[in-house]
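Quick note, the sequences are listed as chains A and B, same order. Numbering-wise (this note's numbering), the first sequence opens with residue 576 and increments by one. Numbering-wise (this note's numbering), the second sequence opens with residue 576 and increments by one. Idealized CB from N, CA, C, for every residue including glycine. These figures come from a predicted structure and were not determined experimentally.
Protein chains: 2
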Amino acid sequence: MPRQRNEGAGDGPAEAVSRRIADHLREAILNGEIAPGERIGQEKIAERFGASRLPVREALRMLEAEGLTEHRTHRGARVPRLGRHEVDVVYRMRERLEPLALGESLPHLTEDDVRALDEIQRRIEATEDILEFLALDREFHLRSYSGCRIDQLSSIVVRLWNSTQHHRRVFMRLGGAGRRWVVNAEHRLLLDAIERRDRVDAERLLEGHIRRTRVELSRHPDVFDEETP
Amino acid sequence: MPRQRNEGAGDGPAEAVSRRIADHLREAILNGEIAPGERIGQEKIAERFGASRLPVREALRMLEAEGLTEHRTHRGARVPRLGRHEVDVVYRMRERLEPLALGESLPHLTEDDVRALDEIQRRIEATEDILEFLALDREFHLRSYSGCRIDQLSSIVVRLWNSTQHHRRVFMRLGGAGRRWVVNAEHRLLLDAIERRDRVDAERLLEGHIRRTRVELSRHPDVFDEETP
DNA sequence: CCTAGGATCTTTGGATCCAACCCGCCCCTA
DNA sequence: TAGGGGCGGGTTGGATCCAAAGATCCTAGG
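Here it is, written out as structure tokens:
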């Protein structure tokens, strides 16, 4: 038997190096290890992964497509810094797009998916760690869109989440943590609507959930203090 | 035009090769010279531009970021083919995002911008050529968003326009041309609202404009006939 | 002491060469 | 004759090397 492709389910074929680098960098950016505004040197990254600079360039292009990095010719790549107004508009975009994504997803969600959502929500209520809370919250929402078959929509939603990750983290650390019970209550209502497969309720609840977050964020100006230079 | 990073004004400092290739390819795709589903060979493109394959790869990555091409490892790049439902959802996304973009743009539009919009609309009403009509219509709308300072939003809007360009063309050729007077009437109303700087009216009119297009498109199933293979 | 200018140095962009992989053709077998 | 496995051509991904643009720092002059 000649090697019959180790291909797993759905994922890309032979683990391209550039993809691996992109995955690691994405993780690093989302965790804040690479701060907004920080310069990303191709050479340094290439060295860290034991690869040439070429796949790094490809990886940076992929991340740019996801809204995680900015490119300027001969000036390298950076994680963009969003200002207050930009964050506000991104949240408004989320208010409008994510209900659509949820509506598209709802009919395709399996019982297993719903059970998984319930489990995630349980863990959200259980954890005390802020970073874990953020990761689980992200997983909860994105998972609820997993039935959405429209690539254009799903990828854009992920992109919007990516670009506000930094501010979510700062917001939580600055005292937003005290409002977690509101998040949990809203998640429970949302989950209930999803279980009932009530598209209208689910979309409305989600829209309100995001809007509330946006307003609270905009009333917490300290979140943006650090970005004057 | 949003998004198009055009280096310094008036001067051609770097003229990155990859950018030039990306520009040409984008034009070719938007004009339909490269059909959806058609395979794009790196070697062929490189030869056509007298360059190496490397900048072609970079260019293809850029186009992928704009939603114009799809990549599969070791299988090359192609222009994606959208199905009926996908197109419908993309239009729903446009209904929700473009009013937001217009609202963000409106306060920053100069008198010159408005005059330019008026001129474009005049040319739209004058032309008989379908391809020119499509290009001008695109220019009209994107130009009306040119005041939007939020990169995330502008780039996504361009992406959505890109991904439906093919279907707009087919729709027009299949008899949609007869409805051009509706488009013109709506554009005039929209233009008037923009001149009055009436944000609410402008957003509502634009939303209706896109929605009408979506519904008409969905009632014209012939547009999607060709995509069975 | 501060500023302007230039040389150097770092970093990115591009070309060429090599390796890995997909696809299609062909042959072999049942 | 039909179906499956294997082999080769062509295409894409990656490494190394070279050129060019931006950033930095040092010096010289006001």
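Between the beta-carbon of B/V689 and that of B/I769 there is about 6 Å, and that keeps the pair under the 8 Å contact cut. Per DSSP, the continuous beta strand (DSSP E) segment holding A/G651 begins and ends at 651-653. If you draw a straight line from the Cα of A/R647 to the Cα of B/P796, it is about 43 Å long. In this structure, the straight-line span from the alpha carbon of A/E641 to that of B/R763 is close to 36 Å.
For A/I725, the CB contacts under 7 Å within the same chain, skipping 5 residues up- and downstream, are E679 in chain order.
Using a Cβ-Cβ cut-off of 7 Å, B/G642 is close to Q727 of chain A, given in chain order. Here A/H646 is bridged, per DSSP, to A/A652. With respect to the C-alpha of B/L684, the residue from B/T788, B/L766, B/V592 having the closest C-alpha is B/L766. Cβ contact annotation for B/R774 (same chain, cutoff 7 Å, sequence separation greater than five): G678, L681, in chain order.
In this structure, B/L635 lies away from B/A610, with their beta-carbon atoms at least 9 Å apart.
Residues of the stretch 656-672 of chain A with a C-beta less than 7 Å from any C-beta of chain B: E661, V664, V665, R667, M668, R671, L672, listed in chain order. Sorting A/R779, A/G722, A/A676, A/R698 by C-alpha distance to the C-alpha of A/D687 places A/G722 at the top.
By DSSP's assignment, B/R601 forms no beta bridge with any residue. Pairing A/Q696 with A/F715 gives a Cβ-Cβ distance under 9 Å.
Burial check for B/N737: the Cβ neighbour count within 10 Å reaches 16 or more, so the residue is buried.
When rounded, the separation of the alpha-carbon atoms in B/V631 and A/E700 is 49 Å.
Sorting B/Q727, B/V745, B/T739, B/A777 by C-alpha distance to the C-alpha of A/V662 places B/Q727 at the top. For A/I705, the CB contacts under 7 Å within the same chain, skipping 5 residues up- and downstream, are M747, R748, A752 in chain order. The alpha-carbon separation between A/E645 and A/T739 amounts to approximately 15 Å. The beta-carbon separation of A/R656 and A/G607, rounded to 13 Å, does not stay under the 8 Å limit for a contact. Residues of the stretch 679-713 of chain A with a Cβ closer than 7 Å to any Cβ of chain B, in chain order: E679.
For A/I609, the secondary structure class from DSSP, reduced to helix, strand or coil, is coil. Secondary structure of B/R671 (DSSP, three-state): helix.
Residue range 726-748 is occupied by the alpha helix (DSSP H) that includes B/V745.
Taking the beta carbon of A/I731 as reference, the chain B residues within 7 Å of it are I731, listed in sequence order. Taking C-beta atoms as the reference points, A/M668 and A/L735 count as a pair closer than 9 Å. Closer than 9 Å at the C-beta level to chain A, one finds no residue of the stretch 755-776 of chain B. For B/E761, the uninterrupted alpha helix (DSSP H) segment begins and ends at 755-770. Against chain A, the beta carbon of B/E633 has neighbours under 8 Å at R632, R636, listed in chain order. Think of a sphere of 9 Å around the beta carbon of A/S738: the chain B residues whose beta carbon falls inside it are Q727, in chain order. The continuous alpha helix (DSSP H) containing B/F624 extends over residues 617-624.
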